[in-house]
Amino acid sequence: MQDSVFGAQPALYFDGTDDVMWLTDAASSVTVDSLTVIVVGQFVNLEDTDQYMLAGWDDSVSDSRLRICLSFLWSDQDARILNVRVGDSGDRPGWAPQADSQPHVFAVDSGVDFYTDGEYIGTSSNSSTSNPAGLNIGAIRGTSGFFNGNVAEVIVYDRVLSEQDYDKIGVYLANKYPVIDGVFKNAAFDGSPDAEINVALDASLTWNAGLNPSDMTSVNPNIEKHNLWMSNGDPQDSELSLVGSVDITDYTDPAADGVYSPSLSMDSKYYWAVEEVMSDGQGGVYPDGDPNNPMSEVWSFETLKSVPVLQGPDNMKVFPSETASIQVDITTISDLISVEWYRAGEPDMLISDADPDVTILTDNTSTTLQIANAELADEGSYYAVVTNSGGSSTSDTATLSIKRMISGYKFEQNVEDTLGLNDGSLVSDPLAYTAGFAETDGQQYAADPNGTTYVELPADAYPKAGFGNGLENFTITAWVKRLDDSEQYFIGNFNEGSNTAIQFGFLSGADLRFLIRQDGSNSSTDYIQATVSSEYIPAEEWHLVTAVFDGYVAKLYVDGLLRDEVDNGSELANFSEWEQPFTLFGRNLRGNVSDRFSGQIDDLRFFNYPLSNEEIAALYYNETGERQCIYGYPEFDIAGPEGTPDCVVNLYDFAEFASEWLLDNRYAPEM
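Okay, here's the thing in structure tokens:
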């Protein structure tokens, strides 16, 4: 018997080997017609085994029997799931994928509705026709799936409770078991410091005492003292030892006596917890470390470092000729002796500020490496080594990247990269060429793959994972002419599973679609896609299509004008290397290239940064000589000298507006 697991209320402990309690009287109350079962319990052991806290399951009864089980199931995928089952309805997960070892209130009715700590989890169904047999706590059929944990209370009703019933039960349980925000507060809680760094050596540990089940604002009267358990400060050793105790002097304020001043050392990581030493009901207390004494969760913190503590630097991307500033923040308890910046390589290279383009600015709080007139040769990884009287610390590494076009394909009767880095290889039929649209740089031709030929680029071609490589943010732009309404893509690559993917092309029906996806579960936060209606991209005409991604927002432009913008709400940054050759004129679905492009394409370019509205409009202007309307208030531009909008809001628009002044345009029924 445990006395304090559930707020000083007694609980029965099951050891997980052969403990079982048969509930013969309760079993007669559990019928097919209706029932509600409430259990106040705790799974203690979450190892790789199935456990049944409560089960009414006997194979001597037909398959249509009413089976009840509240169980912790361990799957082959290490997914710990708390399940409830009634009848043959199948398991209903209460937690997925991780259960925990905290005390909880579980409830299930023959609806079949499942609740955890009063929160509705889900509903299944029950088609049973036979009553259960073998209702017990601690095992299934009393012979297997033995439960390791504690049960304080089992309540069985021969009906489905109403909302008012649940309210009453809730009051009863809240008064009996000290629960705040779904967690039993029988142990010490709100320990501080926790998960902190650079904690001062004179810091005190503080916490709130376990609460009185009858008055959740005061200390449990059965707690006699607090025991402090701490590790030795070795970051690799989390074992706790008893280091001191604090007597309870004020039972009205849970925080009053929750203070302890330990002896701390620099460069250490401490783990700590508080044990509430309980009265044993016989004039004494339970021994230190006794299971009847509630133990808090384990908290941890790190003390001040004798060596400098460094934060940063962040990756940096700049235009050519701009100044790149790479900064490391410093926390130090003594004056700095030296700061050195390095460029990572084989070997790493010490950076000298004797170079007129290099400036290193340092004080006791930060050091900044400035590289003026940054160019492609400056791309690389940089870090700092900072030294004080206690020793040296090395910062993280930051990547400097230059904003630029990273690859391009003009299709001048070849599939060569204009930068000479990642030439393509033709697959299937020979690639046909036709008169192109782009004429800058003397271009004459465009690719005409006819829905058969596609191009493979090396798997390490741009765009690819890694800062500055054109996946974490980028621009893709090309001149395209679609010839039909079929689903077809001019760019497409998918890794295995729900991982890194990109596609740019036309859906069935000819809407333009751009998609980018990071490694993950293919949830709505793992990918982002933008779509433009086919009305903006008529067939048999050349159009400039542009996809822009900044890590959060995807934008689609047609002929230099923004037509769709989608904000994912969270950053996509978890990309992996391509597992297949990067594919043009089709979509490489994990090795199978489908939906090949049947139109024509010219001047395909990849940039490793998001182009601005002006830069995209300039791409369109450079080939057409047409200035697109990207500023002002186009919704007010309703007329012009030729009777059509002219991207100027002036008297033409006012006259059109005035001609409709005071007209009542509402429907007028015939009288």
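Take the sequence shown: its position 616, counting from 1, is numbered 616 in full-length UniProt numbering, and each next residue is one higher. Glycine is no exception: its CB is placed at the ideal position from the N, C-alpha and C atoms.
Query	Result
The stretch 242-258 / the stretch 311-318 touching (three or more Cβ pairs under 8 Å)	no
Local conformation of L264 per DSSP, three classes	coil
CB of F494 within 8 Å of CB of R590, strictly	yes
Residues that F582 bridges to, as DSSP identifies them	L457
Whole-number beta carbon distance between Y462 and I402, since they are thought to touch under 8 Å	That belief does not hold up - the Cβ atoms of I402 and Y462 are roughly 13 Å apart, past 8 Å.
Bounding residues of the beta strand (DSSP E) (the contiguous stretch that carries N208)	205-208
CA-to-CA distance, L556 to R80, given in whole angstroms	Residue placement at R80 is flagged as unreliable, the pLDDT there being 45, under the threshold of 50; a coordinate-derived value is accordingly withheld.
Contact under 8 Å by Cβ, F147 with T17	no
Local conformation of S534 per DSSP, three classes	helix
Residue from G505, T525, L604, V151 whose Cα sits closest to the Cα of A11	V151
Alpha helix (DSSP H) segment containing A324, residue limits	It is not in any alpha helix (DSSP H) - A324 instead sits in the beta strand (DSSP E) that spans 324-331.
CA-to-CA distance, L604 to D441, given in whole angstroms	14 Å
Best match in I137, W479, D202 for proximity to G149 [C-alpha to C-alpha]	I137
Straight-line Cα distance separating D250 from V566	57 Å
Alpha carbon of N227 to alpha carbon of W272, nearest angstrom	11 Å
Three-state class that DSSP yields for I491 in the structure shown	strand
For A203, the nearest candidate out of P356, T397, S261 (CA to CA)	S261
Contacts around W479, its chain only, beta-carbon distance under 6 Å, and the 5 residues preceding and following it disregarded	F437, A438, W542, L544, D602, D603
CB-CB length for G191 against W207, believed under 8 Å	4 Å
First through last residue of the beta strand (DSSP E) which encompasses E340	336-343
Range of the contiguous beta strand (DSSP E) that encloses Y609	Here Y609 belongs to no beta strand (DSSP E), and DSSP marks it neither H nor E.
Residues of its chain near L350, where Cβ-Cβ distance is below 8 Å and the 5 sequence neighbours each way are ignored	E340, W341, Y342
Nearest-angstrom beta carbon gap, L161 and T331 [assumed within contact, 8 Å]	Not really, about 56 Å apart at Cβ, beyond 8 Å.
Local Cβ density within 10 Å of K410, reported as buried at 16 or more and exposed below that	buried
Identity of the residues DSSP links to R587 by a beta bridge	S594
Assigned exposure category for F319 - 16 Cβ within 10 Å defines buried	exposed
Exposure of W299, with buried meaning 16 or more beta-carbon neighbours within 10 Å	buried
Sheet register partners of E302 (DSSP bridge)	K269
Own chain, CB closer than 7 Å to D194, minus 5 neighbours either side, in chain order	W299, S300, F301
Inter-residue CB distance, I169 and I333 (contact presumed, cutoff 8 Å)	Contact doesn't hold; Cβ gap of about 56 Å is too wide.
Rounded Cβ spacing between G424 and V415 (contact assumed at less than 8 Å)	4 Å
Close-in-space but distant-in-sequence residues of the same chain around residue 679 (CB under 7 Å, 5 per side omitted)	Past the boundaries of the shown model lies residue 679; the chain is included only from 1 to 671, so the question cannot be answered.
Complete runs of the beta strand (DSSP E) confined to the stretch 508-565 [at least 3 residues]	512-517, 527-532, 543-549, 553-558
Proximal residues to S570 (C-beta, below 8 Å), its chain only, five neighbours per side dropped	T525, Y552
Exposure label - E276; buried when at least 16 CB within 10 Å	buried
Sequence-distant residues of its chain with Cβ nearer than 7 Å to E239 (five each side left out)	S231
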